[in-house]
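Structure first, commentary second.
Number of protein chains: 4
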Amino acid sequence: MFFASDNAGPAHPQVMERVIAANTGHQLPYGNDDMMDEVRAGIRRVFDAPEAEVFLVSTGTAANALALACYTQPWQTIYCSSVAHVEEDECNAPEFYAGAVKLTCVRTDDKMTPEALEAAITAHPAGDVHVAQPGPVTITQVTERGSVHSLAELQALTSVAKSHNLPVHLDGARFANAQAALGCTAAEMSWKSGVDVVSFGGTKNGCMAVEAVVFFDPSKAWEFQLRRKRGAHLFSKHRYLSAQMAGYLQDDLFLRTARQANDNAAYLVQGLTKAGAEFLHTPDANMIFTRFPRSVHQRLHDAGAQYNLWGDVLDGAAEDMVACRLVCDWSITRDQIDTFLAHF
Amino acid sequence: MFFASDNAGPAHPQVMERVIAANTGHQLPYGNDDMMDEVRAGIRRVFDAPEAEVFLVSTGTAANALALACYTQPWQTIYCSSVAHVEEDECNAPEFYAGAVKLTCVRTDDKMTPEALEAAITAHPAGDVHVAQPGPVTITQVTERGSVHSLAELQALTSVAKSHNLPVHLDGARFANAQAALGCTAAEMSWKSGVDVVSFGGTKNGCMAVEAVVFFDPSKAWEFQLRRKRGAHLFSKHRYLSAQMAGYLQDDLFLRTARQANDNAAYLVQGLTKAGAEFLHTPDANMIFTRFPRSVHQRLHDAGAQYNLWGDVLDGAAEDMVACRLVCDWSITRDQIDTFLAHF
Amino acid sequence: MFFASDNAGPAHPQVMERVIAANTGHQLPYGNDDMMDEVRAGIRRVFDAPEAEVFLVSTGTAANALALACYTQPWQTIYCSSVAHVEEDECNAPEFYAGAVKLTCVRTDDKMTPEALEAAITAHPAGDVHVAQPGPVTITQVTERGSVHSLAELQALTSVAKSHNLPVHLDGARFANAQAALGCTAAEMSWKSGVDVVSFGGTKNGCMAVEAVVFFDPSKAWEFQLRRKRGAHLFSKHRYLSAQMAGYLQDDLFLRTARQANDNAAYLVQGLTKAGAEFLHTPDANMIFTRFPRSVHQRLHDAGAQYNLWGDVLDGAAEDMVACRLVCDWSITRDQIDTFLAHF
Amino acid sequence: MFFASDNAGPAHPQVMERVIAANTGHQLPYGNDDMMDEVRAGIRRVFDAPEAEVFLVSTGTAANALALACYTQPWQTIYCSSVAHVEEDECNAPEFYAGAVKLTCVRTDDKMTPEALEAAITAHPAGDVHVAQPGPVTITQVTERGSVHSLAELQALTSVAKSHNLPVHLDGARFANAQAALGCTAAEMSWKSGVDVVSFGGTKNGCMAVEAVVFFDPSKAWEFQLRRKRGAHLFSKHRYLSAQMAGYLQDDLFLRTARQANDNAAYLVQGLTKAGAEFLHTPDANMIFTRFPRSVHQRLHDAGAQYNLWGDVLDGAAEDMVACRLVCDWSITRDQIDTFLAHF
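For the record, the sequence lines run as chains A, B, C and D. Take 32 as the starting number for the first sequence in my numbering and just add one per residue. Take 32 as the starting number for the second sequence in my numbering and just add one per residue. Take 32 as the starting number for the third sequence in my numbering and just add one per residue. Take 32 as the starting number for the fourth sequence in my numbering and just add one per residue.
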């Protein structure tokens, strides 16, 4: 009963098989392996973007920090939600990679609103040398609170950015889960909605450790490669990154594992609802923020269930309710969920 | 006939088997997986260093840059040989990670001499606020030119560093090859010779992508972990790094693959010697810098042999000799070497 | 009628006389001039801190950024108020100098409260490698909104910092104005209240361009000097910085000019109050945030009065009131103030 | 008898008079003072460059580091001579400002040769992601060894840079001394010789603390201003920088003080030559590297003469000769030189 994160499950067999198959003979290093061609073609197909430039790194933080660095000058600020992974979970990596920049948090408990983003951008007069200058906007899709921006919501945010000539990055650590939730195309959820660069996650959704950075503006390609090497993220035996991503793209595995994770979460939400649990955010994809009795929590804990308690409720020792985050990955079984729910 | 690098061969079956075996169920992320305990114990055993702190990253450049950053202040300089990987092949990664520091190159065509290192350190009066202050010394073992420092040579260099109270880093991307060449223990080639921190390479010697950073001073552990996360090098599904390193340490596989690579190189050296090739550096381990007739090169090239031409000779179009680097990894077969030599 | 800032007036004659007197013969460069001894002794006397280390730089941003850098690791965050000069007016200088750190804004429209500071520090579990680690707390005194922390308020904030073992920096660009307002000693407003390092401003209060950084912990001295040089802030002809600060300290000129500026502001506040203006913040020292009729603003503007409009009111074109900031420096005359008030 | 440096003398009366005259009333801060217009016009006139953008900072290291940062990407290397001030005397400031870049030293004991520069640039194949990419070339004029590049020598170096599309920075801390020595125009010694940006020194040649950065490509203006503020080098009471530079440019004072300093040095060289001293470098401007008997040194030292011993000779305690650097600024008198020479 592991619901602590989607970064703790195994790789999907189809991914692992490609890795095993790749483990033979010599291959050119540093991204010049044969499989990288397959990956590039696969991403371009998935995103309907024949000119897109595609690069692989091994962590989501690297994907975000390197992608943002290509769009940020050292005297600029990056706009993000105040609960963004780049702000809360990357230990200054975006600041480090982009050259000591500022992150301006748009205050929210989940999604940014266009109004709040606009207010953050216009808080300082443009061209005032004393303040950090406006830089890129980064949006997380699926958000860190488990909700999914609709295409209209996404476009409303990118429109604000574009009206100030600011580039847009999409932190898609759970891109596939969002795409599956919306039932749209990858193109619709990215460049057709005004996104310039995407961190396309693999690790949380069936890979071992691989993320693609997808640039719709190919002019950034060389800079990214230099920044990746300088950041020590260029793999010599790159074939093992390529193999994972090739397996992940093959027959749209990424959408199948994402749907499975989302379905698992929906099934769990259904059970929790029946059991009377409350929800702190709308569980649009594979993450659930919920509140239930402390006595249930105690039983689950005793039975070995793993998940994270959340926020202030931790402090309320006297409280009889706990808040927690439950994450389903593709590999959770219905049996595990049923066992979990049986403790309610 | 792939002699271009030891970063282009496959992972050893024993490593891959551990990765496959690790691919089941959920494991705690970020280095809290079960196998990391095995890795830590294994490294401590190999290095006879029960207090050592051990961390895994996926690239050699990350290992070097992060290890050095823990020992360098932003106003200091790192001493390295002028042919060091940190200087020549890491695209400013050490400078970046250590906070915009300088690398002071001790001029050499291979190993640093203690005299040259001493001269570099004392070139500026200590405590002069105008110059970069002395920082760590980094030594590559096996060197970038394929030679191996004897223990005495190593100690002579670390003695210079210690006499100035400077810490010592060992870039051991090919640590095992050097250890096999010297027939010494890992402890003798590291802390017993005055080394404070080692980049212990796995990738080039039978792994997919894993390097261990080994601190003999455990007080650096927390700083390293923060720097690793900030550098975006902390794997969530860390088990796949642990599994590789566990397989690599198991039954001293690292020494067996290193010996195999060294033996392959020795066999190739023998053949080249017979064929009258000259050597630019002493081929102590698994890298060979050699010079042979251009006509031979042409035949090898036509037959599909892969290796890198080296240095100035590239320009000498009219020259009838070429210089090149030949690297043997553990997976090269005698047949391949024989085929290669048959073109002489 | 110049009320736009206290960074636009002339230097006090006593300061200028020392500069002129210093302009003879040769003096050792880089802070080894004779007058620096006088400055050091003067600061130690003023702060009743015989061990304090004192260094001069030419801008307030340099003082802040360099002082904070000595207390911040690259993976940490600095706590400041959301209206702090370091956050709003230094174009990423603190982030740059401290090595790509984060600034965590404690939300307020003026002073931080101890509760809000505590909440900001404890928002993340200590020792979580994913988040920026707690670093120094910086407090501005006089605040950017013209109010002054009482000693009790100051101590309440530093107590929070100390309870988490965090160092405290005081941005004293207007230190003297605050000291004059409180009628306390410099020691009471700094180390006796738990402050570790002070930016002691000279520029805004009668100098040309000089700020002292005062460390009550002398162990930071060498690091500061290296950071100052690396930041290109070490003056060769340092005597001209020393001379300014020597003149500023002589016979406590800094307190006299500060009192004069505060008195000017009090006189202006009195006039504005009579004229029915409202105040947005308590004008404790020499800055006034006030609101008055647009028609008055128009008359003042036509008469050549200079001051800054403030905040949202700018947008309210239809509004019949304007908000503005009025700053008095020591050199404003009563006549100028009377002329200003005459337009109400 | 102060020959230790030209950074230790007083400001010229004409400079000081402008500073004193500027010390009245209120002036807009941050470079918007009236005198900055005079400075801008003056520099454009001197350099015959009506489009040039001009900015003032207070130290030579700031001028160099900020100017270079505008032309360097974080993954690039700056080419300089191995005795360059940026390499030897700025405590990692250029690395810091340009974003953790490398400095590649072209080995020389004084001027770079075009051949050595070419070799340094072409040492690595262009477009190899593993190595620092070629960045700007910086040339010091007067060199750190007191010699002056002829216009032909300068052009030979910039031609190499231009053939690789690399920008050229001139470290002109002693620009005026070089111009006086060559008897050419400022334009000939800068943009007409292929220089893109100049650090035009004032401090060493009669000012208190001011350097102009002159961009012949005005497109860099905004970036420079942001970098200057971010580096904490934007003066609020900027008028005091403007006043110095205005006085320095007025009636070409800079050339007059430079000629005086050069003449002083020539007079001293003449005396030293008569006395049989040897010269380590050609004393083209106002710096002299010379060797004379230790007994003379002892007498000079006892008489209070100040100058720096130089290099290896320091170690040769048994040697009967010493090497030293003698610098003349504009304010040295013939009497002082005669007194100095009398000890030979």
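Glycine residues also receive a C-beta, built at the ideal position from the N, C-alpha and C atoms. Fair warning: this is a prediction, and the values are worked out from it, not measured in the lab.
Q: Could you spell out where the alpha helix (DSSP H) holding D:Ile-319 opens and where it closes?
A: Taken as a continuous stretch (DSSP letters only), D:Ile-319 belongs to no alpha helix (DSSP H), being part of the beta strand (DSSP E) at 318 to 324.
Q) Would DSSP call B:Ser-273 helix, strand or coil? A) helix
Q: Say whether chain A places a C-beta atom closer than 7 Å to the C-beta of B:Pro-41.
A: yes
**Q.** Residue nearest to A:Gln-45 in terms of C-alpha spacing, selected from A:Glu-350, A:Gly-278, A:Gln-164, A:Asp-369
**A.** A:Gly-278
Q: Return no unless some Cβ of chain C is closer than 7 Å to the Cβ of D:Gly-251.
A: The sequence shown places Lys at residue 251 of chain D, not Gly. Taking Cβ atoms only, chain C never reaches closer than 7 Å to D:Lys-251, which makes this a no.
Q) Could one say the Cβ of D:Cys-101 lies closer than 7 Å to chain C's Cβ atoms, at least one of them? A) no
Q | C-beta atoms of C:Ala-53 and C:Arg-270 nearer than 7 Å | A | yes
Q: Give the residues of chain C in contact with B:Trp-106, contact being defined as C-beta atoms less than 9 Å apart.
A: Glu-254, Leu-257, Arg-258, Lys-260, Arg-261
Q. Would you call the region 147 to 163 of chain A and the region 284 to 294 of chain B in contact, with 3 or more CB pairs under 8 Å?
A. no
(Q) Using a 10 Å radius around the Cβ and a threshold of 16 neighbouring Cβ atoms, would you call D:Arg-138 buried or exposed? (A) exposed
(Q) Taking 7 Å as the threshold (C-beta atoms), are A:Asn-208 and A:Asn-293 in contact? (A) yes
Q) Which class does B:Gly-177 belong to by DSSP, given the choice of helix, strand or coil? A) coil
Q. Are there 16 or more other CB atoms within 10 angstroms of the CB of C:Cys-355, so buried, or fewer, so exposed?
A. buried
**Q.** Contact set for B:Pro-60: own chain, Cβ-Cβ below 7 Å, skip 5 residues either direction
**A.** Ser-267, Lys-268, His-269
Q.
Looking at chain B, is there any beta carbon in it that lies within less than 7 Å of the beta carbon of A:Ser-267?
A. yes
Q: Quick one: measure Cβ to Cβ for A:Ile-368 and A:Asn-295, integer angstroms, because I've assumed they're closer than 8 Å.
A: 6 Å
Q: Output the residue ranges of the alpha helix (DSSP H) runs that lie fully inside the region 32 to 84 of chain B and measure 4 residues or longer, sorted by chain position.
A: 44 to 53, 65 to 77
Q. Alpha carbon to alpha carbon, how far is B:Thr-321 from B:Leu-201?
A. 26 Å
Q | Same chain only: Cβ atoms within 6 Å of B:Leu-331, ignoring 5 sequence neighbours per side | A | His-374
Q: Please classify A:Leu-340: does DSSP put it in a helix, a strand, or coil?
A: strand
Q) Taking only runs of the alpha helix (DSSP H) that begin and end inside the region 220 to 269 of chain A, which ones reach a length of at least 4 residues, in chain order? A) 252 to 261
Q | Extent of the continuous alpha helix (DSSP H) run through B:Pro-198 | A | Run containing B:Pro-198: none; DSSP gives neither H nor E here.
(Q) I want to verify the contact list: residues of chain C whose CB lies under 8 Å from the CB of D:Thr-364, in sequence order. (A) Chain C residues near D:Thr-364: none, gap ~11 Å exceeds 8 Å.
**Q.** Own chain partners of A:Phe-34 with C-beta closer than 6 Å, once the 5 adjacent residues on each side are dropped
**A.** Tyr-338, Leu-357, Val-358
**Q.** Burial state of C:Gln-107, where buried means 16 or more other Cβ atoms lie within 10 Å
**A.** buried
**Q.** DSSP beta-bridge partners of C:Phe-86
**A.** C:Val-244
Q: Would you mind working out which of D:Phe-371, D:Ser-362, D:Phe-323, D:Gln-186 sits nearest D:Glu-384, comparing C-alpha positions?
A: What is shown of chain D runs 32 to 375, which leaves residue 384 of chain D out entirely.
Q: Note down, in chain order, every chain A residue with its Cβ under 8 Å from the Cβ of C:Ala-163.
A: Cys-122, Asn-123
Q. Which residues in the same chain have their Cβ closer than 7 Å to the Cβ of C:Glu-82, if we skip the five residues on either side of it in sequence?
A. Pro-249
Q: Name the residue from D:Gly-40, D:Glu-126, D:Gly-158, D:Leu-182 whose alpha carbon lies nearest to the alpha carbon of D:Lys-223.
A: D:Leu-182
(Q) Once the 5 residues before and after D:Gln-172 are set aside, which same chain residues still bring their CB inside 8 Å of it? (A) Val-179, His-180, Leu-185, Leu-201, Asp-202, Gly-203, Arg-205, Phe-206, Ala-209, Met-220
Q | Assigned exposure category for A:Asp-346 - 16 Cβ within 10 Å defines buried | A | With a pLDDT of only 49 at A:Asp-346, under 50, the local geometry of the prediction cannot be trusted, and the value read off the model is given with reservation. Per the 10 Å Cβ criterion, exposed.
Q: Would you give the residue range spanned by the beta strand (DSSP E) that B:Leu-357 belongs to?
A: 352 to 358
Q.
Can you tell me whether B:Phe-371 is helix, strand or coil according to DSSP?
A. helix
(Q) Strictly by DSSP, which residues pair up with A:Gln-107? (A) A:Gln-164
Q) By DSSP, does D:Lys-305 sit in helix, in strand, or in coil? A) helix
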